[in-house]
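One point on numbering: in our numbering, the residue at position 100 of the sequence shown is 102, and numbering is uninterrupted.
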Amino acid sequence: MIEKGAIISDCNKYRYSLWRIWDKEKPIFTFVGLNPSTADHQQDDRTIRRCINFAKSWGGGGIYMANLFAYRATDPQEMMSQEDPIGPDNDAHLKQLAAESHKLIACWGNDGVFKARSTFVKQLLADKLYYLKLNKSGEPGHPLYIHSSTQIQPF
Numbered sequence: 003m004i005e006k007g008a009i010i011s012d013c014n015k016y017r018y019s020l021w022r023i024w025d026k027e028k029p030i031f032t033f034v035g036l037n038p039s040t041a042d043h044q045q046d047d048r049t050i051r052r053c054i055n056f057a058k059s060w061g062g063g064g065i066y067m068a069n070l071f072a073y074r075a076t077d078p079q080e081m082m083s084q085e086d087p088i089g090p091d092n093d094a095h096l097k098q099l100a101a102e103s104h105k106l107i108a109c110w111g112n113d114g115v116f117k118a119r120s121t122f123v124k125q126l127l128a129d130k131l132y133y134l135k136l137n138k139s140g141e142p143g144h145p146l147y148i149h150s151s152t153q154i155q156p157f
């Protein structure tokens, strides 16, 4: 049985983390995306399913999903138009997940440069940060567009 959960703000605008744990004895990987979409404590979206498959292929026992920006939107442009797209508690949650995870996988795509957020988060999580593939821009690729046999590399 998979343990599913999420930390969503009281106002429902921000999702700080989401998890799917199937074996607590195995390593847990945290994927750091751009911003959360509609996945919650019960529903998975395509990105969550893809991250689960990557973690299983690496011998993992679960995933956490976090983001550079915690504002929930299916369209990144909507997130970028918000006054506070990062979310008041996002950095604290990122630090906590870094402490609890085996490795963190950057997968936020080219829009991570918005508000210089990717630069800040790379420094915040430097000692445990990995990626699947770097785009031409130097930003880490999104998991939906990366071959399933790809292995992580240190940032």
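From the three backbone atoms N, C-alpha and C, an ideal C-beta is built for every residue, glycine too.
Which one or two residues does DSSP pair with T121 in a beta bridge?
The partner list for T121 (beta bridge, DSSP) is empty, contrary to what the question assumes.
Could you please give me the residues that DSSP links to M67 through a beta bridge?
The partner list for M67 (beta bridge, DSSP) reads L20 and F33.
Less than 8 Å separating the beta-carbons of I9 and F31?
No; because the gap between Cβ atoms is not below 8 Å, this pair is not in contact.
Alpha carbon to alpha carbon, how far is F157 from Q45? Give it in angstroms, no decimals.
Their backbone Cα atoms lie some 30 Å apart in a straight line.
Does the Cβ of A94 have 16 or more other Cβ atoms within 10 Å, making it buried, or fewer, making it exposed?
So A94 ends up on the exposed side.
List the DSSP bridge partners of Q155.
DSSP output for Q155 lists Y133 as bridge partner(s).
E141 by DSSP, collapsed to three states: which one?
The answer is coil: DSSP assigns E141 none of H, G, I, E or B.
Expressed to the nearest angstrom, what Euclidean distance is found between the alpha-carbon atoms of W24 and I154?
So the alpha carbons of these two residues sit roughly 21 Å apart.
Can you tell me whether DSSP reads L126 as helix, strand or coil?
L126 falls in the helix class under three-state DSSP.
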